[in-house]
Amino acid sequence: MQIVYSNDKDLLYSLGKALKACIIMCDIMIILIRELIFFLYVQSWINPVIGCHQKFHIIYLFILSHLHFFLTTWPS
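Sequential numbering of the sequence shown, starting at 1, is according to full-length UniProt numbering.
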């Protein structure tokens, strides 16, 4: 797919929108990582005998649930 720009203003506008979307996604990822770290901290505080396999399973389910949420609610 090729995008044709009529002038530099359209190109700069599109690049600005793409940069803004990248910044928003980075902010979301930082929030999710902080939430995941806090969740694992609380899990280890509640159940200190949680195994490594269980932690990876929790991380996997956490990422899948948030990914599904953002893919189904993100505006197209």
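Built from N, CA and C at the ideal position, the CB exists for glycine as well. Just so you know, these numbers come straight off a predicted model, no measurement behind them.
Excluding the 5 residues preceding and the 5 following residue i in the sequence, name in chain order all residues of the same chain whose CB lies nearer than 6 Å to its CB.
{"i": "Leu-36", "result": "Phe-62"}
Pull up the distance between the alpha-carbon of residue i and that of residue j, whole angstroms please.
{"i": "Cys-22", "j": "Ile-59", "result": "23 Å"}
{"i": "Cys-26", "j": "Phe-56", "result": "22 Å"}
{"i": "Leu-67", "j": "Ile-28", "result": "11 Å"}
{"i": "Ile-15", "j": "Phe-38", "result": "Here the sequence assigns Leu to residue 15, which means Ile is not the residue at that position. If you take the alpha carbons of Leu-15 and Phe-38, they lie about 35 Å apart."}
{"i": "Leu-64", "j": "Tyr-13", "result": "33 Å"}
{"i": "Tyr-41", "j": "Lys-20", "result": "32 Å"}
{"i": "Gln-54", "j": "Arg-34", "result": "19 Å"}
{"i": "Ile-30", "j": "Lys-9", "result": "31 Å"}
Is the beta carbon of residue i within less than 6 Å of some heavy atom of the ligand NAP?
{"i": "Ser-14", "result": "The model on display carries no ligand, and the ligand NAP is accordingly not part of it."}
For chain C, find out if any of its Cβ atoms is closer than 7 Å to the Cβ of residue i; answer yes or no.
{"i": "Ile-31", "result": "Here chain C cannot be found, since the structure has a single protein chain."}
Excluding sequence positions up to five away, which residues of its chain have a Cβ less than 7 Å from the Cβ of residue i?
{"i": "Leu-32", "result": "His-66"}
Excluding the five sequence neighbours on either side, which residues of its own chain have a C-beta within less than 8 Å of the C-beta of residue i, listed in chain order?
{"i": "Lys-17", "result": "none"}
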